[in-house]
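Visitor: I have a structure I would like to understand better, so I am pasting it below and will then ask my questions one at a time.
In the UniProt record's numbering, the protein residues as written are 1 to 64.
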């Protein structure tokens, strides 16, 4: 007889119901934190990338 396993909604297989519930709780916690992160617009993202690229131009490059 094969040991009982538990599969969650993401397709991950666990040896016990407790492991499954702990993993799902961890994922839900991470998702809740991610949902609290403010979303920036495409224009804001482009401006942030532009500023980062500009700042990299002033970084001294060393020769090895």
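Cβ atoms here follow ideal geometry from the backbone N, Cα and C, with glycine treated the same way.
Every value quoted in this text rests on a predicted model; they were computed, and no experiment measured them.
Taking Cβ positions, are residue 26 and residue 14 nearer each other than 7 Å?
Guide: no
Visitor: Which residues in the same chain as residue 16 place their Cβ atom closer than 8 Å to its Cβ, once the five residues preceding and following it in sequence are excluded?
Guide: So the qualifying residues of the chain are 6.
Visitor: If you scan the region 14-43 from start to end, which runs of the alpha helix (DSSP H) of 4 or more residues do you find wholly inside it?
Guide: 17-36
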